[in-house]
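Everything on this sheet refers to the single structure shown next.
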Amino acid sequence: MNQPLKGKFAVVTGGSSGIGLAIARRLIDDGADVVITGRTAVKLNRAVMTLGEKANGVVTDVSSRASLDELYQQIKTATGHIDILVANAGGGIHAPLGQITEQQIDEQFATNVKGVVLTVQQALPLLGQGSSVVIIGSTSSFDPGPAMSIYGATKAAVRNMVRSWVAELHGSGIRLNIVSPGPTNTPSLRAAFGDKAEEGLAFLTAKSPLGRIGEPEEIAAAVAFLASDDSGYVNGIELFADGGASQT
Numbered sequence: 001m002n003q004p005l006k007g008k009f010a011v012v013t014g015g016s017s018g019i020g021l022a023i024a025r026r027l028i029d030d031g032a033d034v035v036i037t038g039r040t041a042v043k044l045n046r047a048v049m050t051l052g053e054k055a056n057g058v059v060t061d062v063s064s065r066a067s068l069d070e071l072y073q074q075i076k077t078a079t080g081h082i083d084i085l086v087a088n089a090g091g092g093i094h095a096p097l098g099q100i101t102e103q104q105i106d107e108q109f110a111t112n113v114k115g116v117v118l119t120v121q122q123a124l125p126l127l128g129q130g131s132s133v134v135i136i137g138s139t140s141s142f143d144p145g146p147a148m149s150i151y152g153a154t155k156a157a158v159r160n161m162v163r164s165w166v167a168e169l170h171g172s173g174i175r176l177n178i179v180s181p182g183p184t185n186t187p188s189l190r191a192a193f194g195d196k197a198e199e200g201l202a203f204l205t206a207k208s209p210l211g212r213i214g215e216p217e218e219i220a221a222a223v224a225f226l227a228s229d230d231s232g233y234v235n236g237i238e239l240f241a242d243g244g245a246s247q248t
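Under the working numbering, read the sequence shown as residues 1 to 248, first letter to last.
Printed below as a string of structure tokens:
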């Protein structure tokens with residue numbers, strides 16, 4: 001079995017469910033040892049059990065510098081380095097203009113923007129020549145759709161941060177790339193539509209040039225490529241894994 005990530009050590013934030021869990025599973029299948037993070041211990045432990053012996057979990061709040069520092073201190077003690085960092089933790093809240101609350105703004109920016117900044121920044125001492133950072137963006141960065149303006153703004157911010165960081169890390173040997181999924185078949189997507197989940201999924205399916213929404217494993221495959229040495233000359237891109245929706 002080909003294992004392009006054998007001997008690599010990876011961290012996946014928000015790895016206890018959905019896309020994050022699929023990413024962790026793919027990295028493990030490709031040979032990496034993986035630490036996943038999440039905010040809920042029970043859910044995190046359940047995910048670790050499903051992933052097997054090459055996975056560990058650490059309860060972490062990515063919006064807290066102290067929490068991330070604790071995570072990275074544990075990793076420093078255990079391995080001393082990070083080969084692959086996947087900043088996946090994040091989420092969106094449906095709220096149309098006129099109904100957006102301060103709490104919704106604060107929560108989304110805290111996780112999706114501040115959380116990404118701190119996840120990458122606090123990991124820098126453990127990253128080095130050949131390390132790959134993959135940040136999970138979204139097609140909502142330029143096409144948020146109705147009621148997703150705040151979420152879209154957070155993902156647009158991430159794209160601009162990466163543009164700046166690539167220049168700032170010139171000569172470090174650290175690569176930073178974004179994978180931006182389109183609608184993906186996860187429990188959180190269905191939950192976002194509430195009692196209109198089937199209608200929402202039908203709308204997204206009809207909108208897709210491929211006539212379907214994505215699966216978490218397909219997003220994970222894109223991440224695995226950017227994490228591997230096969231993409232060693234790929235730096236600063238935004239890879240859209242959206243069935244072509246961003247091109248129409």
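Yeah, the Cβ is synthetic: ideal placement off N, Cα and C, and Gly gets one too.
Over the uninterrupted alpha helix (DSSP H) stretch that includes F109, give me the two end residues. Where F109 is concerned, the enclosing alpha helix (DSSP H) stretches over 102–109.
Beta-carbon separation of V120 and V133 under 8 Å? For V120 and V133, yes; Cβs fall inside 8 Å.
For P125, count neighbouring Cβ atoms within 10 angstroms of its own Cβ and tell me buried if that reaches 16, exposed if not. Classification of P125: exposed, given that the 10 Å Cβ count is below 16.
Got a sec? Which residues, its chain only, sit under 6 Å from K54 by beta carbon, not counting five neighbours each side? Beyond the five residues adjoining it in sequence on each side, K54 comes within less than 6 Å, by CB distance, of I28, D33 in the same chain, given in chain order.
Length-filtered (3 minimum) beta strand (DSSP E) runs lying within the stretch 151–219: Taken in chain order, the unbroken stretches of beta strand (DSSP E) that lie wholly in the stretch 151–219 and span 3 residues or more are 175–181.
Return helix, strand or coil for D33, following the three-state DSSP convention. In this structure, D33 counts as strand in the three-state DSSP scheme.
Rounded to the nearest angstrom, what separates A123 and V86 at their Cα positions? Going from the Cα of A123 to the Cα of V86 covers about 11 Å.
Can you list, in chain order, the residues of its chain whose CB lies under 6 Å from that of E215, leaving out five sequence neighbours each side? For E215, where only same-chain residues beyond five positions count, the Cβ hits under 6 Å are N185.
So what does DSSP say about E238, is it helix, strand or coil? Of the three classes helix, strand and coil, the one that applies to E238 here is strand, per DSSP.
Taking the straight line between their C-alpha atoms, what separation do you get for L201 and A241? So the alpha carbons of these two residues sit roughly 17 Å apart.
Alpha-carbon spacing of F203 relative to R25, whole angstroms: Answer to the nearest angstrom: the Cα atoms are 29 Å apart.
Leaving out the 5 sequence neighbours to the left and right, which residues in its chain are closer than 8 Å to R212 when beta-carbon positions are compared? The beta carbon of R212 sits closer than 8 Å to those of T205, G243, all from its chain and outside the five residues before and after it, given in chain order.
Looking at K155: is its Cβ nearer than 8 Å to the Cβ of G182? Going by C-beta atoms, K155 is not nearer than 8 Å to G182.
Among Q73, I84, L210, nearest to N177 - alpha-carbon criterion: Of the candidates Q73, I84, L210, the one whose C-alpha sits nearest the C-alpha of N177 is I84.
Which two residues bound the contiguous alpha helix (DSSP H) that contains V62? Element bounds for V62: n/a, residue is neither H nor E.
When the Cα atoms are used, what is the spatial distance from G145 to T111? About 20 Å.
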